Amino acid sequence: MATSTPTRESLVATIKETIEKKNVELLHVQFVDIEGTLKHVTVTAEQIDQVIDGKVMFDGSSITGYTPINESDLYLDPDLTTFAVLPWTEQEGYSEARFLCSVKKPDGSDFDGDPRNVLKKTVKRAKDQGYSISVGPELEFFLFKTDENGQPTLETQDVGGYFEPSPKDLGEKVRLEIYKALKMMGFTIEASHHEVAIGQHEINFKYADALGSADAATTYKWVVKTVAQQFGYHATFMPKPLAGENGSGMHVNISLFDDEKQENAFYDPSNDLGLSEKAYQFIAGLMENVKDFVAVTNPLVNSYKRLVPGYEAPCYIAWSASNRSALIRIPATRGAGTRVEIRCPDPSANPYFAFAIIAAAGLDGVDRDLTVVPATNADIFEMSKEELEARGIENLPTSLEAAVERFATGEIGRQTFGEHAFNEYVALKRAECDDFRLAVTNWEVAAYQAKF
1 MATSTPTRES LVATIKETIE KKNVELLHVQ FVDIEGTLKH VTVTAEQIDQ
51 VIDGKVMFDG SSITGYTPIN ESDLYLDPDL TTFAVLPWTE QEGYSEARFL
101 CSVKKPDGSD FDGDPRNVLK KTVKRAKDQG YSISVGPELE FFLFKTDENG
151 QPTLETQDVG GYFEPSPKDL GEKVRLEIYK ALKMMGFTIE ASHHEVAIGQ
201 HEINFKYADA LGSADAATTY KWVVKTVAQQ FGYHATFMPK PLAGENGSGM
251 HVNISLFDDE KQENAFYDPS NDLGLSEKAY QFIAGLMENV KDFVAVTNPL
301 VNSYKRLVPG YEAPCYIAWS ASNRSALIRI PATRGAGTRV EIRCPDPSAN
351 PYFAFAIIAA AGLDGVDRDL TVVPATNADI FEMSKEELEA RGIENLPTSL
401 EAAVERFATG EIGRQTFGEH AFNEYVALKR AECDDFRLAV TNWEVAAYQA
451 KF
């Protein structure tokens with residue numbers, strides 16, 4: 001049964017009641033840059049009406065990927081449903097709260113460079129076609145000890161393995177406090193556990209609509225880092241911080257809901273796998289476009305150190321109903337929970353951009369009635385080069401540079417991002433590749449300095 005959406009008036013009334021009840025003194029008005037990095041302007045609670053009316057202004061020329069200095073004035077338009085008191089700030093008679101915002105231009109129109117607005121455009125496109133998008137991401141992270149100056153080291157806070165409890169899992173107490181903080185901010189937490197690598201963890205939260213899920217992923221990363229710091233640890237969503245260990249992924253579960261039929265558009269009980277024609281087309285769209293969007297879902301030089309055989313991260317373009325070595329997997333749940341899981345993304349990705357381009361790629365398959373190739377149920381990691389070629393299984397780009405050039409010359413990125421965000425993103429990533437190309441790494445020094 002559908003639940004009624006709260007009116008703006010009721011949301012405002014509830015927010016103001018909470019501010020008074022919780023003695024909120026400061027409001028953090030938040031947004032993200034094109035890398036997904038959280039930013040905020042802090043105002044006093046006395047300015048709540050100004051915040052709610054979207055009248056908080058900031059200088060966009062100082063934000064990565066935003067505006068030139070001669071067009072720098074931008075405004076923050078809060079999503080009232082994202083209001084939350086910050087648990088770690090609560091004291092007797094004092095607390096702080098936040099809103100997540102979209103960015104507007106002075107004339108009131110959406111700013112094209114705001115990643116949240118990019119995702120909103122994709123959501124609207126799906127809505128115009130009769131679909132709502134649901135997304136459930138799974139973000140892994142590492143906990144590292146810090147030095148006497150509070151800077152991160154490469155020493156993990158435990159040596160536990162997959163699903164191990166205490167005493168080997170020394171991160172259990174940290175995860176518990178993260179769970180408590182997230183729950184107090186409105187999250188529904190479904191699972192929490194130690195991951196495969198030493199010092200690696202995962203906390204899963206319930207799926208939501210695409211925009212709500214991107215807001216949740218952004219908030220989750222912030223909360224994880226904040227709580228870890230209170231324990232003297234550094235939490236990182238870097239994809240591959242430790243050589244020889246599994247990297248951190250952000251598996252993205254996605255489904256379409258048919259608004260007219262009021263049912264999951266991916267489910268068909270008459271099909272052998274329980275999948276509808278739309279689901280197969282969506283999978284085909286992901287496979288058709290993945291080489292052109294992996295620069296968004298895997299946005300760092302370091303991302304491609306994770307996408308290699310032997311560490312559970314998918315690097316081959318294939319799909320399966322159950323095979324975890326495939327890029328795309330269909331989890332066993334059917335009915336309302338039928339979904340597609342794409343396994344290559346990592347948690348350094350900007351969630352707004354990542355969810356937008358994954359959804360756009362899948363919808364492209366639906367729009368074009370693409371036919372998916374047969375499923376690959378064998379272990380791809382065990383296949384020889386010859387067998388991969390015989391099956392027509394291709395590799396993802398093996399470097400950020402290669403991925404960025406595919407993104408820059410393909411169509412899906414420009415269509416999804418729009419000109420401003422697309423051009424800024426390409427320029428940023430090309431500059432990152434240049435920086436890496438010019439850097440002299442520790443590996444090079446160790447391999448060459450004494451030898452030559």
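Under full-length UniProt numbering, think of the first position of the sequence shown as 1, with each following residue one higher.
For every residue, glycine included, the Cβ atom is placed at its ideal position computed from N, Cα and C.
Computed from a prediction, not measured in an experiment: that's the story for all the values here.
query, result
"Our contact map puts Leu182 next to Tyr220 with C-beta atoms below 8 Å; I'd like the distance itself, whole angstroms only.", "7 Å"
"When the Cα atoms are used, what is the spatial distance from Ala2 to Lys21?", "Because the pLDDT at Ala2 is just 46, under 50, the model does not fix this residue reliably, and the value given afterwards should be weighed accordingly. Ala2 and Lys21: Cα-Cα distance of roughly 30 Å."
"Give a yes or no on whether the C-beta atoms belonging to Phe111 and Gln30 are separated by under 9 Å.", "no"
"Give me the residue from Ser102, Ala84 and Asp107 with the minimum Cα distance to Glu96.", "Ala84"
"So who's on the other strand from Gln30, going by DSSP bridges?", "His40 and Leu100"
"Rounded to whole angstroms, what's the CA-CA distance from Lys16 to Met57? Just pull it up for me.", "21 Å"
"If I measure Cβ to Cβ from Tyr207 and keep anything under 7 Å in the same chain, skipping five residues before and after, which residues do I get?", "Ser134, Val135, Gly136, Ser213 and Asn253"
"Skipping 5 residues on each side, what residues in its chain have a beta carbon closer than 8 Å to that of Phe452?", "none"
"Going straight from the alpha carbon of Ile412 to that of Ile357, what length do you get?", "7 Å"
"Under the rule that 16 or more other beta-carbon atoms within 10 Å means buried, what is Arg368, buried or exposed?", "exposed"
"On the DSSP letters alone, give me the boundaries of the beta strand (DSSP E) that Ser192 sits inside.", "Ile189 to His194"
"Who are the Cβ neighbours of Asn377 in its own chain at under 6 Å, not counting the five residues just before and after it?", "Ser320 and Asn323"
"Do Glu312 and Ser248 come within 9 Å of each other at the CB atom, strictly closer than that value?", "no"
"Select from Pro106, Tyr94 and Glu419 the residue whose C-alpha is nearest the C-alpha of Ile19.", "Tyr94"
"Do the CB positions of Ser276 and Ser348 come within less than 9 Å of each other?", "no"
"So is Ala126 buried or exposed if we call it buried at 16+ other beta carbons inside 10 Å?", "buried"
"Can you tell me whether Val308 is helix, strand or coil according to DSSP?", "coil"
"Relative to the alpha-carbon of Glu401, which residue among Lys429, Arg329, Tyr66 and Ala390 has its alpha-carbon at the smallest distance?", "Lys429"
"By DSSP's criteria, Gln200 is part of a beta bridge. Which residues make up the other side?", "Phe142"
"Please state whether the Cβ-Cβ distance between Ala32 and Leu76 is less than 9 Å.", "In the sequence under discussion, the amino acid at residue 32 is Val, which differs from the Ala named in the question. Not a contact, by the Cβ cut-off of 9 Å."
"Does the distance from the C-beta atom of Gln229 to that of Val372 stay below 9 Å?", "no"
"Using the Cα positions of Tyr179 and Asp158, report the straight-line distance between them to the nearest angstrom.", "19 Å"
"What does DSSP give as the partner residues of Asp209 in its beta bridges?", "Ser134"
"Would the beta-carbon of Gly60 fall within 9 Å of that of Asp79?", "no"
"Hey, would you say Thr338 sits closer than 9 Å to Ile330, going by beta carbons?", "yes"
"For Glu401, report the span of its alpha helix (DSSP H) as first-last.", "Leu400 to Thr409"
"Got a sec, what are the start and stop residues for the alpha helix (DSSP H) Asn253 sits in?", "From DSSP, Asn253 is part of no alpha helix (DSSP H) but of the beta strand (DSSP E) over Met250 to Asp258."
"If you draw a straight line from the C-alpha of Trp443 to the C-alpha of Ser132, how long is it?", "47 Å"
"Relative to the C-alpha of Ile393, which residue among Arg406, Ala375, Gly113 and Thr409 is closest?", "Ala375"
"Does DSSP put Asp431 in a helix, a strand or coil?", "Correcting the residue type first, residue 431 is Ala in the shown sequence and not Asp. Of the three classes helix, strand and coil, the one that applies to Ala431 here is helix, per DSSP."
"What residues in its chain sit with their C-beta under 6 Å from that of Leu273, if we drop five residues either side in the sequence?", "Ala321"
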